[in-house]
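Notes follow once the structure below has been shown.
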Amino acid sequence: MTEQEDRYSRQVLFAPIGDEGQSKLANGAVCIVGMGALGTVLASHMVRAGVGRVRLIDRDYVESSNLQRQMLYDEDDAAQSLPKVVASENKLKKINSDVTLEKVFADVTPGNAESLLKGMDLVLDGTDNFQTRFLLNDACYSAGIPFIYGGAVGSRGMSAVFVPGSTPCLRCLIPSADSGGETCDTVGVISPVVDIVASYQSVEALKWLVGDRESRRETLLSFDVWNNRLHELKPVPAKPDCPCCGLKTYPALRREEETLLSLCGRESIQIAGHAPFDLAIWAEKLAPATRTVKANPYLIRAELAEGGRLVLFEDGRVLVQGTDDPVRARSLYARYIGN
Amino acid sequence: MAELTINGSRKELDADTLADVVELLGLGGRPVVAEVNGEVVASEKWAETQVESGMKIELVHFVGGG
Chain H
1 MTEQEDRYSR
11 QVLFAPIGDE
21 GQSKLANGAV
31 CIVGMGALGT
41 VLASHMVRAG
51 VGRVRLIDRD
61 YVESSNLQRQ
71 MLYDEDDAAQ
81 SLPKVVASEN
91 KLKKINSDVT
101 LEKVFADVTP
111 GNAESLLKGM
121 DLVLDGTDNF
131 QTRFLLNDAC
141 YSAGIPFIYG
151 GAVGSRGMSA
161 VFVPGSTPCL
171 RCLIPSADSG
181 GETCDTVGVI
191 SPVVDIVASY
201 QSVEALKWLV
211 GDRESRRETL
221 LSFDVWNNRL
231 HELKPVPAKP
241 DCPCCGLKTY
251 PALRREEETL
261 LSLCGRESIQ
271 IAGHAPFDLA
281 IWAEKLAPAT
291 RTVKANPYLI
301 RAELAEGGRL
311 VLFEDGRVLV
321 QGTDDPVRAR
331 SLYARYIGN
Chain A
1 MAELTINGSR
11 KELDADTLAD
21 VVELLGLGGR
31 PVVAEVNGEV
41 VASEKWAETQ
51 VESGMKIELV
61 HFVGGG
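Chains as they are written, first to last, in the UniProt record's numbering: chain H, 1 to 339; chain A, 1 to 66.
Put into structure tokens, the structure is as follows:
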């Protein structure tokens, strides 16, 4: 038995996968958007299972508050403020060097969503907000790519499979992207529930990639692991007037002006729209106004003498941290970065 | 008063319609899918869906973290 055959032997013995399924996995291409708690579990499953190409997309860097649940990262990654996609790639290539990993350190926007998803067989949801999910929902239905939703908060989790042409889309179920203020940054989250959600998503991904359409879960799964509840919602019919799968106007993709300012977790506001930064030059520029400047090849973290922190990314994005107030964020941005 | 089973727990609510139930539970305007006695009811029909004692209601509040 070659090392390759040995690696996947237990999975190949599982009859619904077998040798044929394994070679389909090797020819598969999966995109994981968001490399937080869901994304790291999704990536681990996809890479260990031998999916041929795995594209990892994330805009953020590793912080110590991630380590409780984001299973691919360690204390060194947080100390170095490594981008999550870089830290993930470092771990994943040691887990399975046969897999082609494509890391993208960027925000998914209406302007780049379609090109980022091009050539992918599946899109797996690792995002932490509905705005991005609606964008992925629209981009996937426009391109005919299945989208596997997952979400978690507190001890509650959900998952569903959305397949263009055969199931309703996320918009058919929930018309608005307002989460009602419940996020992992406001009400917290425990690690097991995210692992369970991502594992359910991963099972559906494997079924899809090996071509087992009959076994696809058709219900929307919802559970609370702390309060011992599990509910399966029967499939609902697609809405004929759904702007995505009914009318095919894909509103999130057609949004003319991109959202330049977005909330990004607790006390963290992202401002996009700047030209790419030359990080070495900006580290020097910011030095006089800052207590400390920490830099790595991907970003600069500047602790401002007046309080607050600016994180500059090579692609032109800036995170203003230490405030939840967009006005204060804009003002710090204007003062240190310019308009 | 309607005696309802909501997400597995018995609750007495001063509600006439499904829309009232959603409001009383603080879920108005949130991303919620409602199921009454095993059948999904579209949000446009919540205001005209009468609730009565003994109904089993499942309110699935979509979660966005990840």
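Backbone N, C-alpha and C define an ideal beta-carbon position, used for all residues, glycine too.
Just so it is clear, the structure is predicted and the values come from calculations on it, not from any experiment.
In this structure, residue 24(A) sits near residue 14(A), with a CB-CB distance shorter than 9 Å.
When beta bridges are read from the DSSP output, residue 50(A) appears opposite 17(A). Residue-level contact check: residue 53(A) does not touch chain H, since none of the beta carbons of chain H fall below 9 Å from its beta carbon. Annotation for residue 27(A): no alpha helix (DSSP H) segment contains it, and DSSP assigns it neither H nor E.
Residue environment for residue 253(H): buried (at least 16 other C-beta atoms within 10 angstroms of its C-beta).
Cβ neighbours of residue 168(H) within its own chain (closer than 8 Å, five residues either side excluded): 162, 235, 236, 237, 238, 239, 242 and 245. Around the beta carbon of residue 129(H), 16 or more other beta carbons lie within 10 angstroms, which makes this residue buried. Under the three-pair Cβ rule at 8 Å, the stretch 81-99 of chain H counts as touching the stretch 41-48 of chain H.
For residue 46(H), the enclosing alpha helix (DSSP H) starts and ends at 37-49.
The Cβ of residue 21(A) sits no closer than 9 Å to any Cβ of chain H. If only complete runs of 3 or more residues are kept, the stretch 242-314 of chain H shows the beta strand (DSSP E) at 261-263, 268-271, 290-296, 299-304 and 309-313, in order along the chain. Between residue 31(A) and the set 250(H), 37(H) and 151(H), the nearest pair of CA atoms involves 151(H).
Boundaries of the alpha helix (DSSP H) harbouring residue 85(H): 84-95, taken from the DSSP string. Residue 192(H) and residue 72(H) have their alpha carbons spaced roughly 15 Å apart.
Under the Cβ distance rule, residue 158(H) counts among the residues neighbouring chain A, one pair being separated by less than 9 Å. Three or more beta-carbon pairs drawn from the stretch 324-332 of chain H and the stretch 259-276 of chain H are found closer than 8 Å, and the two stretches are therefore classed as touching. Within chain A, the residues placing a beta-carbon under 8 Å from that of residue 130(H) are 31, 62 and 64, ordered along the chain. For residue 12(H), the enclosing alpha helix (DSSP H) starts and ends at 9-13. Restricting attention to beta strand (DSSP E) runs no shorter than 3 residues, the stretch 147-215 of chain H encloses them at 147-153 and 156-162, ordered along the chain. Chain A places a beta carbon closer than 9 Å to that of residue 133(H), counting this residue as a contact. Leaving aside the five residues that flank residue 249(H) on each side, the residues in its chain whose CB is nearer than 6 Å to its CB run, in chain order, 243. With respect to residue 34(H), residue 209(H) sits apart: the two C-beta atoms are not nearer than 9 Å.
Rounded to whole angstroms, residue 276(H) and residue 61(A) show a C-alpha spacing of 39 Å. The three-state reading of DSSP puts residue 5(H) in helix, counting H, G and I together.
Contact annotation: residue 313(H) and residue 59(H) have beta-carbon atoms nearer than 9 Å. Rounded to the nearest angstrom, the Cβ distance from residue 65(A) to residue 189(H) is 5 Å, consistent with a contact under 8 Å.
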